[in-house]
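First comes the structure, then the notes that go with it.
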Amino acid sequence: MGSGASVLPEQIIQDLEKTTNFTSKEIIKILQRYTHYDTDNFHSIPIKYFLDIPEVSTIPIMPKVAALFLDPATKGITPQNFVNLFSMLSSRTPLEKRKKFAFKVLDTDGNGFLSQDEMFSFYRLLLGPTLTDKQILNIVMTTNNKHAANKQGLSYQDFLKLVSDEELKNLFTVDLQLP
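See below:
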């Protein structure tokens, strides 16, 4: 079956086929890509290696995305989580599901609202050094004042009104190139 199949037992590959957007053949190819970054064969790749993957290397939100898929024991991305991560980001995943995932990525404290700190962190990631902290804070305050119906911050519904489908697709869609 190839080196990708040997990373996970056949039963887990079959289970992944049922729970992801991929066929077993695609899962094996994804796992082959995984083995390229798991150079020590520890069945866990650090975020920095994940961020070297060409398809994700230019998307600024990917460190936050990867953090949701880290294994608590190894502090890396396991083969199974690697497949699940790319399934979530796949263009085959319905946009509504990716919208909910995007909100979850940004809502780091999990309270159901995007606080000013969470929004600041998001804008800082997206804009990098092009704007000063003061300019970004001004954007956050203006956005919050205009769009947040709740004092706790932006709700999921507020978020959907603020961010276009196209912006979400650009940030939360990654299709791995498979051999």
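Numbering (full-length UniProt numbering), first residue to last: 1 to 179.
Note that the Cβ used here is the ideal one computed from N, Cα and C, for glycine as well.
The C-beta of Pro60 has fewer than 16 other C-beta atoms within 10 Å across all chains shown, which makes the residue exposed. Non-local beta-carbon contacts of Asn81 in its own chain, meaning distances under 8 Å to residues more than five positions away in sequence, involve Phe69, Leu70, Asp71 in chain order. The three-state secondary structure of Gly112, taken from DSSP, is coil. For Asp158, the uninterrupted alpha helix (DSSP H) run begins and ends at 156-162, by DSSP. Looking at the DSSP output, Asn84 bridges to nothing. One thing to note: Thr19 has its Cβ no nearer than 8 Å to the Cβ of His43. DSSP places Leu137 in the uninterrupted alpha helix (DSSP H) bounded by 133-147. About 5 Å separates the beta carbons of Ala102 and Phe172, which is inside the 8 Å limit, making them a contact pair. Straight-line spacing of the CA atoms in Leu125 and Ile13 works out to 34 Å.
DSSP lists Ile45 as the bridge partner or partners of Ile77. Straight-line spacing of the CA atoms in Ile30 and Leu178 works out to 7 Å. Remark: fewer than three beta-carbon pairs, one from each stretch, lie closer than 8 Å, so the region 82-93 and the region 146-164 are not flagged as touching. Distance check between Phe120 and each of Thr143, Val56, Gly112 places Thr143 closest, using alpha-carbon atoms only. Closest option to Lys99, judged by alpha-carbon separation, among Leu168, Asp15, Glu17, Ser6: Leu168.
Less than 8 Å divides the Cβ of Val83 from the Cβ of Phe22.
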